[in-house]
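The opening position of the sequence shown corresponds to residue 619 in the working numbering, with each subsequent residue numbered one higher.
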Amino acid sequence: MEIYSQKKLFIFVHSLKARGSLLLGALSYTFIFAYLAKLAGLAPIIGAFAAGLLLAKTHQKDLIEDRLKPVADVFIPIFFIMVGSAVDISSFNPFIKENIAVIILAVVLSIVAIVGKVISGFGAYNLNVNKLVIGIGMIPRGEVGLIFASMGLVSGVLTKSEYSAVTIMVMITTFIAPPLLYKFYRD
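Okay, structure coming up:
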């Protein structure tokens with residue numbers, strides 16, 4: 619019922635033919651879901667994600683994605699600038715004794731992320747696929763991790779050093795996957 623009414627809503631919004639109505643409708647829908655998630659005690663990103671899942675079921679999915687691309691092109695780099703500027707690079711100086719724990723944490727997080735995703739690839743149902751390649755393909759999935767790490771830093775759950783370690787783990791896993799995919803996908 620809810621998905622049906624949501625589809626009808628976006629058919630109506632799209633039929634308005636006013637420039638920007640579809641984009642404004644999708645953004646409003648997402649912000650409302652984010653707000654409702656916050657009211658429910660969840661992270662707003664959970665509500666935004668739920669809105670995205672529902673928007674993906676509409677007939678206007680491709681149009682919404684097309685209209686959101688310029689918005690994403692502006693705000694995604696800003697997000698990564700904010701994430702990067704919050705990283706304490708000095709915490710990775712190995713010549714400072716207190717930083718050894720941060721470096722070890724970043725390495726351990728990276729190893730766990732890589733090994734865990736490669737192992738999970740072997741759980742792929744289809745027997746006619748390269749399961750190692752599936753696992754390697756799952757390695758660079760850190761954007762949402764960065765969002766949650768940022769929220770953890772702002773809320774005080776993570777220290778600046780822990781946040782830096784998580785951010786470095788995301789960077790390592792992002793940069794290591796393409797060469798691994800190139801090597802193992804060719805074989």
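We put the CB at the ideal spot given by N, CA and C, even for glycine. This one's a predicted model, so the numbers in the text were calculated from it and none came from an experiment.
message: Using a Cβ-Cβ cutoff of less than 7 Å, which residues in the same chain neighbour Ile765 once the five nearest sequence positions on both sides are dropped?
response: Ile663
- request: Return the first residue and the last residue of the alpha helix (DSSP H) that Met789 is part of.
  value: 778–804
- prompt: What do you get for Pro688, buried or exposed, if any count of 16 or more other CB atoms within 10 angstroms of its CB means buried?
  reply: exposed
Nearest residue (CA-CA) to Phe710, options Met787, Lys679, Pro797: Met787
- prompt: Would you say Ile682 and Leu640 are within 8 Å of each other, going by their C-beta atoms?
  reply: yes
task: Would you list, in sequence order, the uninterrupted alpha helix (DSSP H) runs of no fewer than 4 residues that lie entirely inside the region 709–753?
output: 718–739
- prompt: Leaving out five residues before and five after Tyr647 in sequence, what residues of the same chain have Cβ atoms less than 6 Å from its Cβ?
  reply: Ala669
field: Span of the alpha helix (DSSP H) around Leu771
entry: 761–773
- prompt: Would the region 715–723 and the region 738–754 be scored as touching if the rule is three or more Cβ pairs under 8 Å?
  reply: no
query: Among residues of its own chain, excluding the 5 on either side of Val705, which ones have a beta-carbon nearer than 8 Å to its beta-carbon?
result: Tyr781, Ser782, Thr785, Ile786
- request: Just the C-alpha distance for Lys801 and Ile757, rounded to the nearest angstrom, thanks.
  value: 15 Å
task: Let me know the secondary structure DSSP gives Leu642 once reduced to three states.
output: helix
- prompt: Relative to the C-alpha of Met789, which residue among Val762, Ile737, Asp684, Val692 is closest?
  reply: Val762
Within the region 662–709, ranges of the alpha helix (DSSP H) (whole runs, at least 4 residues): 662–673, 679–703
task: Figure out for me which residue from Ser779, Gly739, Lys679 has the closest Cα to the Cα of Ile718.
output: Ser779
- request: Taking Gly665 and Phe651 to be in contact with their CB atoms under 8 Å, please state how far apart those CB atoms are, rounded to whole angstroms.
  value: 4 Å
task: Could you tell me which of Gly770, Asn746, Gly739, Gly702 sits nearest to Leu799, measuring between CA atoms?
output: Gly739
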